[in-house]
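Protein chains in written order, with our numbering: chain A, 2 to 280; chain B, 2 to 280.
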């Protein structure tokens, strides 16, 4: 019965950052999960073909591939490099059968304070990428990021802003990642989730904890350890019609120090307690 | 000539957190500033009457009093306590002739994850406070705060959201604090600044620096040290018709370790270079 209730839970690989792909897969299967979110770096470690094979053998779905994006460079050669790298990421997502390729927008280039310009370059880069992705059946997922990362990682700061970009393209080609850590504070986020509707390509969860850990990149918490109301947020996502996987993505040094299986057991428990009843 | 160009620059006392009120006043006067933003705690240290006297003797304007607010408690006695404390803050603002009383919204009460509820209590608390403030000629300033503080300090996260609250009241009674650190990332912030118009009761400046210092409460940087484009932000504030003081409010441990006069000299230089030409 618990197995059934875990049927939409996915482990984002980065939640067990020190695990190899094989170890992450094993942790999912032992805990009864049927889905995994994979990262390009650990996939590259074993090689794309071997990674695809491991995943196929495991029977797991791939809820997302992390990550493409980083679209904000302004130098022409860097723009071109980013485009080519994103094409490679799209190829990998297609090969792995990932439900979406997560696009992290990118931050301000060093010494560049033109936020509007950086945001405009994100739109241009996505526009250029859409034909390549759609030909390969890969759905792009724009990830709006908590403003804490606006300078150095993600210049798209709200779900509303991400949807304004996604709306330029057909929903089957470009969607949005709805992540509790990034969006829980957004005024009117429930209306934006409703607006997103079938553009929600991934629902990612982790908690906002305080005091915020010193390294902002590792500042996410286990669901239930922080301030986010997963019940109301999840109900909004469900009401918008989302039927995909719920991916737990937690960057946290304390968690990374724990045995993988313990991490997956804990997040499964928290998911059953705080999230699953509201889906 | 520099003196003239500094005529709208104000030192928020918290930028020289270790200075007494008398020392902060002296640092302003030595640098040619004609305005100061004061905090209740150092005012209380010398006593309200003595503080009012010191400020009057100095000839400085009081650009703001920090701070009232912290409106999000839910227990009735805590709500009442906050109301009484805010009445006291209004009395102090009136006595000091402050251009506005800054209202920090407050975070989520311990263990409370109902963000919408906390936001609603902010509105209720302000509504209850307006008659008292307006009778005493004190203009309330709602401070929207960077989402990094949404859980523990300020549940009002955007200028748009602050204006939705302020709009319920006459502009001469309730305005908004426009602070670069809090708002620089907000999509559409220039339109919101234009919308704010005569509701801008204070323009506060500091920079967003990365990597973010470990203590998020002390994470602000000197203008020019970070990622904010002060030119375009300041032009938007000027275009909205704001003619008040520009208050430098930087919470930063490194800065607090420097001699007061050096801090005020540096911020004066940066202001002349990055902000004043765009006013």
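Quick reminder that beta carbons are idealized off the backbone N, C-alpha and C, glycines included.
Quick caveat: nothing in here was measured; it's all calculated off a predicted structure.
- Segment contact: the region 157 to 169 of chain B against the region 214 to 224 of chain B, fewer than three CB-CB distances shorter than 8 Å; contact not assigned.
- When the beta-carbon positions are compared, residue 153(A) and residue 211(B) come within less than 7 Å of each other.
- In this chain, residue 180(A) is not harboured by any alpha helix (DSSP H); it is covered by the beta strand (DSSP E) spanning 175 to 180.
- For residue 82(A), the enclosing alpha helix (DSSP H) begins and ends at 77 to 97.
- Taking the C-beta atoms as reference points, residue 208(B) is found nearer than 7 Å to residue 229(B).
- The C-beta distance from residue 101(B) to residue 140(B) rounds to 5 Å, short enough to meet the 8 Å contact threshold.
- Counting along the chain, the unbroken alpha helix (DSSP H) around residue 135(B) starts and ends at 116 to 136.
- In the DSSP assignment, residue 10(A) falls within the unbroken beta strand (DSSP E) covering 10 to 13.
- Shown here, residue 105(B) sits in a strand according to DSSP, grouped into three states.
- Residue 123(A) is not a Cβ neighbour of residue 145(A), given a cutoff of 7 Å.
- Residue 81(B) and residue 87(B) have their alpha carbons spaced roughly 10 Å apart.
- If the five residues before and after residue 219(A) are omitted, its C-beta is found closer than 7 Å to the C-beta atoms of 252, 253 and 254, all from its own chain and listed in chain order.
- Residue 214(B) and residue 148(B) have their C-alpha atoms spaced approximately 16 Å apart.
- Excluding residues up to 5 positions away in sequence, 119 and 152 lie with their Cβ nearer than 6 Å to the Cβ of residue 109(B) in the same chain.
- Residue contact check for residue 228(A) against chain B: a CB pair falls below 7 Å.
- Residue 8(A) has its alpha-carbon roughly 17 Å from the corresponding atom of residue 99(A).
- Scanning chain B for C-beta atoms nearer than 7 Å to the C-beta of residue 193(A) yields nothing, as the closest lies near 12 Å away.
- Neighbourhood of residue 158(B) in chain A, by CB distance below 8 Å: 186, 187 and 188, in chain order.
- By the rule that beta-carbons nearer than 7 Å mark a contact, residue 152(B) touches chain A.
- Per the Cβ contact rule, the region 232 to 242 of chain A is in contact with the region 191 to 204 of chain A (3 or more Cβ pairs under 8 Å).
- Rounded to whole angstroms, residue 257(B) and residue 190(A) show a C-alpha spacing of 38 Å.
- For the region 101 to 115 of chain A, the set of residues with a beta-carbon nearer than 7 Å to any beta-carbon of chain B comprises 109, 114 and 115, in chain order.
- Taking C-beta atoms as the reference points, residue 61(A) and residue 36(A) count as a pair closer than 7 Å.
- Under the three-state reduction of DSSP output, residue 264(A) falls in the helix class.
- Ranking 274(A), 231(A) and 276(A) by CA distance to the CA of residue 115(B) puts 231(A) first.
- Restricted to the region 220 to 270 of chain B, the alpha helix (DSSP H) segments that are unbroken, complete and at least 4 residues in length are 231 to 240 and 254 to 257, listed in chain order.
- It is roughly 31 Å from the alpha-carbon of residue 194(A) to the alpha-carbon of residue 26(A).
- Residues of the region 194 to 215 of chain B with a C-beta less than 9 Å from any C-beta of chain A: 209, 210, 211, 212, 213, 214 and 215, listed in chain order.
- Residue-level contact by beta carbon fails for residue 277(A) and chain B, as no gap is shorter than 7 Å.
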